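Let me begin by presenting the structure, written as structure tokens, before commenting on it.
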Amino acid sequence: MVLALLLARAGVEVTVLEKHGDFLRDFRGDTVHPSTLSLLDSIGLADRFARLPQRRVTSVQLPIGPDRSLVTVGNIGALHGKYNYIAMVPQWDLLDLLADEARREPSFRLRMNTGATSFLVENGRVTGVRYRTADGDTGELRASLTVACDGRGSLARALPELGLEEFPCPMDAWWFRVPRREEDPSGLVGGIGDRLFLALIDRGDYWQCAALIPKGSDAQRRAEGLEPFMDRFTEAVPWLADRADAVTSWDEVKLLDVRLDRLRRWHRPGLLCIGDAAHAMSPVFGIGINLAVQDAVAAARHLVGPLREGTVGLHDVRRVQQRRMPTTVATQALQRVAHTQVIEPLLAGRVAFGAPRRAKRLTELITESRWLNRLPAYFLAYGALRERPPKESLR
Ligand SMILES: Cc1cc2nc3c(=O)[nH]c(=O)nc-3n(C[C@H](O)[C@H](O)[C@H](O)COP(=O)(O)OP(=O)(O)OC[C@H]3O[C@@H](n4cnc5c(N)ncnc54)[C@H](O)[C@@H]3O)c2cc1C
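One gets our numbering by counting positions in the sequence shown from 1 and adding 923 to each.
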């Protein structure tokens, strides 16, 4: 939607196909990072965005201090600039805002309930897609460039020449909600327990909770019962002990099959892949959306000229991958280090945080070092590389 809006603003004819009838999904990434907030500002949408119901997250805290006290490991609020917070906004509100804005452009069309089913290929070049609507109607849509931004189940991933490279992940994630009280901590708070790692996102009147569990253990863990799990949950976040009965059924606990992968090639003639279609990110650092949005901004900047002139070719889409691949590789490398060095040992019960002397030293190191305090916050806020939208799309 970001790419479509930026291109349509510059007068490029764009059609977006969305297989669902709306953008409403529960438990999607709802983090709008400072890089996206600055983008919205530069394209004149800051005021409309600010009117959306939202919660601002300015810190990341982990229970790694003495007696498992919370230590701020990412102080986003201390970053310079206007947008020193992560806005938590339901993803559908953001997408609706972008779609509404794009509809003002005569060159933009959004076809909901319309899923792409396969690519049209002529003389080795992708020339568009076949689609099916929710009513069962089928058709073809031709385009000088097709952008696969259809998530980690992308149609493009079935093209063998793009080469899907997968990396092992030690964990899956459970998502559920627990009520939040005003006296609770705020922001993004971690919890560490017996073979359990938790990330709790402050959503105002509730906590959006992610519990990391060993990969493939969903069925076995559920069979062990909800009560033992909630006991371990409250042991990891003792300040939530009074809400052990907040989750009453496994139906309230949704599984996310965690994947970490990327395409070796994000393009072929007539086709470009961006976002999760090109690279599924681990939930570590919560930056999947940030990367997807930044891919879209980079794609718009590199493609707007050739698309307007009708000259878009392989070298143009190749430049988008050349620009975005190093960031993707570096971010995934950091996520893989976090998987092997922190999450895997933690889920196997091989690390114990909170040993008093070590915890005290670690706390001092993090809180006293300007570098250790700011760098994770900056990375979370902006990612490894910031992109500028094309000047034709600014308002
Ligand atoms: C439970 C969960 C929690 C997450 N939490 C976070 C978080 O806190 N922070 C963060 O940064 N990231 C998070 N992520 C990851 C983040 O949601 C993704 O990285 C990001 O949404 C990728 O954006 P995208 O546009 O590439 O793909 P998607 O957001 O997956 O969008 C793809 C779109 O394409 C549509 N589509 C799919 N197939 C077709 C088709 N054949 N035809 C037409 N339309 C199609 C889909 O309906 C969807 O609307 C989370 C993901 C999940 C699943």
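In this text, a Cβ means the ideal position worked out from N, Cα and C, and glycines have one as well.
Keep in mind it's a predicted model, so treat the numbers as computed, not measured.
Find the nearest neighbour of residue i within the set the options, judged by alpha-carbon distance.
i: L1285; options: L993, R1032 and W1162; result: L993
i: S1041; options: E1024, R1026, F1208 and T1061; result: T1061
i: G1110; options: L985, T1250, L1163 and A973; result: L985
i: R1309; options: G1228, A1222 and L1178; result: A1222
i: L1043; options: R1246, T1234 and L1194; result: L1194
i: M1011; options: Q1143, I1115 and Q1131; result: Q1131
i: I1289; options: R1104, A933, V996 and I966; result: V996
i: T959; options: L1064, T1251 and D1218; result: D1218
i: E1232; options: G934, L929 and L962; result: G934
i: D1107; options: W1162, R1185, N1007 and L1068; result: W1162
i: T981; options: D1141, E1291 and L1002; result: L1002
i: N1296; options: W1189, R1187 and N998; result: N998
i: E1088; options: R1187, A1025, R932 and L929; result: R1187
i: A1057; options: V1235, A1215, D945 and P1249; result: D945
i: K1138; options: T954, A1271, S965 and E1287; result: A1271
i: W1189; options: R932, E1045 and E1084; result: E1084
i: G1047; options: T1157, R1311, E1028 and L1082; result: L1082
i: R1311; options: R1318, P1249, V1220 and G1236; result: V1220
i: A969; options: Y1129, H1262 and Y1006; result: Y1006
i: S1067; options: Q1264, L1179, R1026 and G1236; result: G1236
i: I1115; options: T1251, D990 and T954; result: D990
i: E1024; options: R1126, E1158, R932 and S1140; result: R932
i: D1019; options: L1178, F972, T1069 and K1283; result: F972
Could you give the C-beta distance for residue i and residue j, rounded to a whole number, given that I count them as a contact under 8 Å?
i: R1155; j: W1173; result: The Cβ separation is near 15 Å, so there is no contact.
i: A927; j: F1090; result: Contact flag wrong, Cβ pair sits at about 30 Å.
i: L1123; j: V1160; result: 7 Å
i: R1246; j: H1225; result: 7 Å
i: E1063; j: G1074; result: Not quite, the Cβ-Cβ distance comes to about 22 Å (not below 8 Å), so this is no contact.
i: G1209; j: G1004; result: With a Cβ gap of about 20 Å, G1209 and G1004 do not count as contacting.
i: L929; j: P1313; result: 6 Å
i: W1097; j: A1134; result: 4 Å
i: V1227; j: E1315; result: 6 Å
i: A1253; j: A1307; result: 5 Å
i: M924; j: A1022; result: 6 Å
i: I966; j: L1317; result: 6 Å
i: L1269; j: F1120; result: 5 Å
When DSSP builds the beta bridges, which residues end up paired with residue i?
i: R1191; result: L1194
i: Q1131; result: R1100 and I1124
i: I1009; result: V980
i: T1171; result: Paired residues: none, contrary to the question.
i: N998; result: S982
i: K1177; result: W1098
i: D970; result: Per DSSP, none; premise fails for D970.
i: A1203; result: D1184
i: Y1054; result: A1039 and G1062
i: G1114; result: L1121
i: L940; result: R1034
i: A1071; result: C1196
i: L1087; result: L1186
i: P1137; result: M1094
i: V1049; result: V1044
i: T954; result: M1011
Evaluate contact between the region 1028-1039 and the region 927-944, counting only Cβ atoms and requiring at least three cross-stretch pairs below 8 Å. Touching, yes.
Assess, as a yes-or-no matter, whether the region 1199-1210 is touched by the region 1068-1083 under the definition of 3 or more beta carbon pairs within less than 8 Å. Yes: at least three Cβ pairs fall under 8 Å.
Is the region 1138-1153 touching the region 1183-1194, taking contact as three or more C-beta pairs under 8 Å? Two segments are said to touch when three or more pairs of C-beta atoms, one from each, lie closer than 8 Å; by this definition the region 1138-1153 does not touch the region 1183-1194.
The region 1089-1106 contacting the region 1162-1177, beta-carbon criterion three pairs below 8 Å: With a cut-off of 8 Å, the region 1162-1177 and the region 1089-1106 count as touching, because enough Cβ pairs lie within range.
Tell me, please, whether the region 966-985 touches the region 999-1015 by the rule of three or more beta-carbon pairs shorter than 8 Å. Inter-segment contact for the region 966-985 and the region 999-1015 is present: three or more beta-carbon pairs are separated by less than 8 Å.
If you pair each beta-carbon of the region 1202-1212 with each one of the region 1255-1269, do three or more pairs fall below 8 Å? They touch, by the three-pair rule.
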